Amino acid sequence: MIQNSCYVHLSKLCDSKRKNIDETCVIKKNSELFITYCEGDTLDKFESDINLIAGNSSFFYFFKKKFFSIFISILSVLVILMAFLSVSIYEDFFKKLVFEAPFSWEINDFISLFFVFVFFFGLLMMPSILEAEGNEFKKLISSWFNKDIRKLRKLELTLSNFDKKTIIHLYNFDLENSEHWLWKIFTSRVINKFSNVNFYIRNDKLLNITKRLNKFDILNIEIIKQEISSKKYDVEILLSSKEQKFYLLLQLCSTILLKQRDKKNFISLELFEYCGKNFIKEENDSKNQLIFGFQNFINRSFDDFKFLAQEKSLQIFFTSNVTYKDLSDEERRIAYYLRNHIEECISIFENPISLLILYYYVKDIVLDKKRTIKILEKFISSTKNTQQYELINYYWFEIAGYMFDFNDVNTFESSNNSYYRKLSIEALNNLAFLFERNGHFDQAILLNQYLYEINPNKYALNICSLYERMGQFEKAYETLPKKLNLGKNQKPSDIEIRYYQRKAAWIIISQRNEALKQEGIESLDKLEELLFSHNDENEPLWLWHFYNIKANLNEWDENYDEAIIFYKKCLSIPTLGAFEYGATFVNMAISYRCKYILQKIKEEKTIDKSIKLGRLGMILKESVGDRDEMPVVLHNFALNILYKISNNMDITLCNEVLKATNEALEILERTKSIKRLGMVLIENYIVKCLLKIDVKDTVIKLENHMKLLGQSELNQLLNIYKEFEKNNKIKKLEFLDKLI
Numbered sequence: 003m004i005q006n007s008c009y010v011h012l013s014k015l016c017d018s019k020r021k022n023i024d025e026t027c028v029i030k031k032n033s034e035l036f037i038t039y040c041e042g043d044t045l046d047k048f049e050s051d052i053n054l055i056a057g058n059s060s061f062f063y064f065f066k067k068k069f070f071s072i073f074i075s076i077l078s079v080l081v082i083l084m085a086f087l088s089v090s091i092y093e094d095f096f097k098k099l100v101f102e103a104p105f106s107w108e109i110n111d112f113i114s115l116f117f118v119f120v121f122f123f124g125l126l127m128m129p130s131i132l133e134a135e136g137n138e139f140k141k142l143i144s145s146w147f148n149k150d151i152r153k154l155r156k157l158e159l160t161l162s163n164f165d166k167k168t169i170i171h172l173y174n175f176d177l178e179n180s181e182h183w184l185w186k187i188f189t190s191r192v193i194n195k196f197s198n199v200n201f202y203i204r205n206d207k208l209l210n211i212t213k214r215l216n217k218f219d220i221l222n223i224e225i226i227k228q229e230i231s232s233k234k235y236d237v238e239i240l241l242s243s244k245e246q247k248f249y250l251l252l253q254l255c256s257t258i259l260l261k262q263r264d265k266k267n268f269i270s271l272e273l274f275e276y277c278g279k280n281f282i283k284e285e286n287d288s289k290n291q292l293i294f295g296f297q298n299f300i301n302r303s304f305d306d307f308k309f310l311a312q313e314k315s316l317q318i319f320f321t322s323n324v325t326y327k328d329l330s331d332e333e334r335r336i337a338y339y340l341r342n343h344i345e346e347c348i349s350i351f352e353n354p355i356s357l358l359i360l361y362y363y364v365k366d367i368v369l370d371k372k373r374t375i376k377i378l379e380k381f382i383s384s385t386k387n388t389q390q391y392e393l394i395n396y397y398w399f400e401i402a403g404y405m406f407d408f409n410d411v412n413t414f415e416s417s418n419n420s421y422y423r424k425l426s427i428e429a430l431n432n433l434a435f436l437f438e439r440n441g442h443f444d445q446a447i448l449l450n451q452y453l454y455e456i457n458p459n460k461y462a463l464n465i466c467s468l469y470e471r472m473g474q475f476e477k478a479y480e481t482l483p484k485k486l487n488l489g490k491n492q493k494p495s496d497i498e499i500r501y502y503q504r505k506a507a508w509i510i511i512s513q514r515n516e517a518l519k520q521e522g523i524e525s526l527d528k529l530e531e532l533l534f535s536h537n538d539e540n541e542p543l544w545l546w547h548f549y550n551i552k553a554n555l556n557e558w559d560e561n562y563d564e565a566i567i568f569y570k571k572c573l574s575i576p577t578l579g580a581f582e583y584g585a586t587f588v589n590m591a592i593s594y595r596c597k598y599i600l601q602k603i604k605e606e607k608t609i610d611k612s613i614k615l616g617r618l619g620m621i622l623k624e625s626v627g628d629r630d631e632m633p634v635v636l637h638n639f640a641l642n643i644l645y646k647i648s649n650n651m652d653i654t655l656c657n658e659v660l661k662a663t664n665e666a667l668e669i670l671e672r673t674k675s676i677k678r679l680g681m682v683l684i685e686n687y688i689v690k691c692l693l694k695i696d697v698k699d700t701v702i703k704l705e706n707h708m709k710l711l712g713q714s715e716l717n718q719l720l721n722i723y724k725e726f727e728k729n730n731k732i733k734k735l736e737f738l739d740k741l742i
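Sequential numbering from 3 applies to the sequence shown in my numbering.
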């Protein structure tokens with residue numbers, strides 16, 4: 003039995019007195035020795051540092067170490083030489099005895115006989131000496147030839163400077179296995195020498211260390227679990243190379259990426275494990291490939307290193323013990339890896355922190371922004387599901403900004419790329435709920451107003467409830483519907499809706515067919531009944547088509563102000579894309595143009611509004627590559643400008659018309675379509691006349707196309723022709739003058 007007691011301390015590794023790798027590994031305080039091992043330390047360093055603590059100068063230690071080594075070597079050589087001498091003398095004496103006897107004995111012969119007896123009895127007693135109690139001689143012999151045993155001897159000599167009752171504290175010794183010199187040589191001598199030894203180890207290494215200590219036949223091994231302290235620690239030097247890699251990866255999987263020093267740096271363990279298993283694992287040939295478990299390191303980061311703390315089940319953050327590194331190169335690599343695995347990450351991540359970090363990694367390098375939207379939608383739903391409501395307050399407004407005023411058409415251009423316009427209805431509903439939970443009632447109200455047309459009953463009640471939460475009871479009462487408009491029918495099918503859309507809009511109202519006008523109105527009434535006779539949420543696209551058709555009908559009846567109101571309703575429908583919003587702006591621009599045409603006293607602001615909205619619609623349509631409707635869009639944009647320059651000539655605007663009509667003609671020629679070809683040709687003809695460009699080819703095409711024009715398009719063509727012809731701004735065309 004070697005000693006009486008040995009104490010194993012858990013969660014106290016951070017109490018190490020060693021602060022950097024170059025510092026001495028042994029510190030003495032009163033009658034206690036604090037010994038800390040760091041990866042890369044050598045036995046020579048330990049021995050040197052202990053000698054210095056014992057009071058020996060570095061020169062004395064060096065001299066003693068060298069002297070001891072030289073002494074052992076010289077002694078070994080002398081013994082070997084004596085052995086050779088004995089053998090040689092024995093050989094010579096035995097030859098003389100056999101071949102020269104009898105002979106006269108001299109003093110030299112008696113000396114030779116003495117060496118023969120020594121050699122004989124040495125051989126005779128050798129087995130007994132080697133197997134004697136304690137094996138001292140055997141050990142001595144071994145020490146001459148075995149490096150480890152020589153180190154043991156030197157270490158014992160070094161440790162002999164300290165009293166047996168000195169309390170020993172050993173930190174980080176669990177970093178190495180039992181075959182390492184730290185255990186095989188150093189720990190074995192320490193346990194043998196001192197009566198009170200304390201080990202400070204990682205929690206998950208307890209079983210291994212206990213087994214090793216039991217092999218030393220220690221009488222009493224006591225396990226001590228310390229309470230977690232809020233004290234600041236610096237244990238980075240205690241980490242192994244593998245732990246260092248995990249430590250850096252942990253920083254890469256945190257909100258440090260956001261560079262918000264005023265907020266806690268949250269950790270995503272999901273992302274940490276995902277990247278550890280996939281991203282780093284790609285380096286299959288790397289010598290530094292990660293081997294041991296992620297969970298072990300996480301546990302150590304909580305209990306042993308004090309890197310992590312936890313408030314909620316999924317909210318883990320860095321403590322002040324973490325030293326942040328510059329990992330810009332690693333961030334770039336991991337960002338591109340994650341970009342290629344967005345869908346997989348979205349499917350497996352459930353912690354909103356994971357999705358938040360994922361978003362910031364890929365937001366600037368994702369080409370398809372729909373993938374970014376998917377991340378945000380999952381972030382919103384997971385925030386709601388895990389009830390981490392405050393994350394919205396912390397991060398959302400920095401991502402998406404505040405909700406825009408959708409009722410103001412002038413803000414559309416600035417809000418066109420807003421995330422609020424791209425999120426799904428479900429995500430917007432969840433977001434409104436989260437706004438409410440965070441006390442952002444004004445934002446929640448704006449979102450519910452934005453969604454109002456989808457289901458008026460539902461969102462009116464939501465808005466009323468929000469005003470009540472704010473203590474604005476009068477507004478709450480005003481927004482509460484006087485009665486619920488509850489439908490009795492089931493939600494219609496998409497085919498039913500589309501049937502009446504096509505019949506009412508594209509076949510009758512769009513072509514201004516007077517003979518079928520009443521039938522178109524009845525189809526539109528039927529469509530309205532289908533949309534508002536059920537209690538479920540309507541599809542945004544259904545509502546957009548309905549209000550667009552209503553606006554077209556009012557245009558037909560020359561109720562342009564009413565038409566503009568319905569177009570604004572189209573713009574207030576959420577979750578639509580640039581295709582629908584672009585078409586709405588094009589149509590609204592037409593209403594403003596028609597309104598301008600009817601004005602007896604022309605107001606420039608009306609036609610300027612038409613041009614501005616038409617240009618915005620054209621940009622939105624071009625952004626989605628809509629080649630089908632672009633000729634119509636370009637023709638209307640050109641027509642808006644022509645009505646302005648009919649009263650106020652502007653070369654810049656003329657060039658815009660020329661560019662628009664040339665592009666429209668090119669598309670129509672490529673698609674072999676004749677839709678609005680007549681209007682595009684007359685617009686192209688007018689602007690070429692204004693710019694004094696040859697019009698011969700355009701006139702021929704227009705004349706050949708006249709027989710294919712419908713009545714509505716013909717009337718529109720003649721109106722713009724007369725507008726410019728009446729003041730002799732353009733050359734007259736005889737085939738058109740005949741029709742006026």
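Even glycine gets a Cβ: it sits at the ideal position worked out from N, Cα and C.
Remember, it's a predicted structure, so these values are computed and weren't measured experimentally.
Quick one: Cα of residue i to Cα of residue j, how far?
i      : j      : result
His536 : Ser495 : 12 Å
Gly136 : Asn194 : Note that Gly136 scores a pLDDT of 47, beneath 50, so its modelled location is shaky and nothing firm can be said.
Phe737 : Leu529 : 43 Å
Leu310 : Lys213 : 29 Å
Ile223 : Lys166 : 18 Å
Leu329 : Leu15  : 27 Å
Leu2   : Arg629 : This structure cannot settle anything about residue 2, because the visible part of the chain is limited to 3 through 742.
Asp699 : Ser574 : 44 Å
Asn200 : Tyr276 : 37 Å
Val10  : Asn198 : 11 Å
Glu285 : Ile336 : At Glu285 the pLDDT is 44, less than 50, meaning the model places this residue with poor confidence; the figure from the coordinates comes in the next sentence. Each residue's alpha carbon lies about 13 Å from the other.
Leu273 : Asn432 : 24 Å
Val689 : Asp652 : 11 Å
Lys734 : Lys728 : 9 Å
Leu526 : Ile456 : 18 Å
Ser33  : Ile169 : 6 Å
Leu172 : Thr321 : 25 Å
Comparing alpha-carbon positions, which option in the options lies nearest residue i?
i      : options                           : result
Asp51  : Glu25, Lys694, Gly42 and Ser33    : Glu25
Glu332 : Ile599, Leu254 and Ile688         : Leu254
Lys19  : Phe36, Ser13, Tyr9 and Glu158     : Phe36
Tyr362 : Phe414, Ser256 and Lys570         : Ser256
Ile318 : Gly473, Ser270 and Thr168         : Ser270
Glu346 : Asn450, Arg373, Ile742 and Ile497 : Arg373
Lys279 : Tyr454, Ile239 and Leu340         : Leu340
Ile355 : Val701, Thr413, Lys570 and Ile394 : Ile394
Tyr501 : Arg514, Tyr479, Leu532 and Gln520 : Leu532
Phe188 : Phe568, Asp206 and Phe218         : Phe218
Lys371 : Lys207, Gln390, Ile344 and Pro633 : Ile344
Ser504 : Ile551, Gln520, Phe475 and Lys484 : Here the sequence assigns Arg to residue 504, which means Ser is not the residue at that position. Among Ile551, Gln520, Phe475 and Lys484, the Cα nearest to that of Arg504 belongs to Ile551.
Trp546 : Arg263, Ala565, Lys571 and Phe534 : Lys571
Can the beta-carbon of residue i be found less than 9 Å from the beta-carbon of residue j?
i      : j      : result
Ser384 : Phe437 : no
Thr663 : Val682 : yes
Ile743 : Asn642 : Residue 743 lies beyond the range of the chain shown here (3 to 742); nothing can be said about it.
Leu425 : Ile348 : no
Asp696 : Lys646 : no
For residue i, which residues does DSSP report across the bridge?
i      : result
His11  : Tyr202 and Ile226
Gln312 : Ile318
Lys30  : Leu35
His171 : Phe36 and Asn200
Ser256 : Ile269
Using 9 Å as the limit for Cβ to Cβ distance, is residue i near chain D?
i      : result
Asn642 : Absent from the structure is chain D; it holds one protein chain and no more.
inquiry  = Below 8 Å, how does it come out for the segment 612 to 621 and the segment 574 to 591: are there three or more Cβ pairs, yes or no?
reply    = yes
Any 3 or more C-beta pairs closer than 8 Å across the segment 162 to 178 and the segment 198 to 211 = yes
ask   = Can you find at least 3 beta carbon pairs, one from the segment 717 to 724 and one from the segment 684 to 698, that sit closer than 8 Å?
value = yes
message = Assess contact between the segment 239 to 257 and the segment 297 to 317, defined as three or more Cβ pairs (one per stretch) separated by less than 8 Å. Is contact present?
response = Two segments are said to touch when three or more pairs of C-beta atoms, one from each, lie closer than 8 Å; by this definition the segment 239 to 257 touches the segment 297 to 317.
request  = Spell out a yes or no on whether the segment 451 to 460 and the segment 563 to 581 are touching, meaning 3 or more CB-CB pairs, one atom from each, closer than 8 Å.
outcome  = yes
request  = Could you tell me whether the segment 417 to 425 touches the segment 464 to 479, where touching means 3 or more Cβ pairs closer than 8 Å?
outcome  = no
inquiry  = Check whether the segment 547 to 563 and the segment 403 to 411 touch, using three or more Cβ-Cβ pairs below 8 Å as the test.
reply    = no
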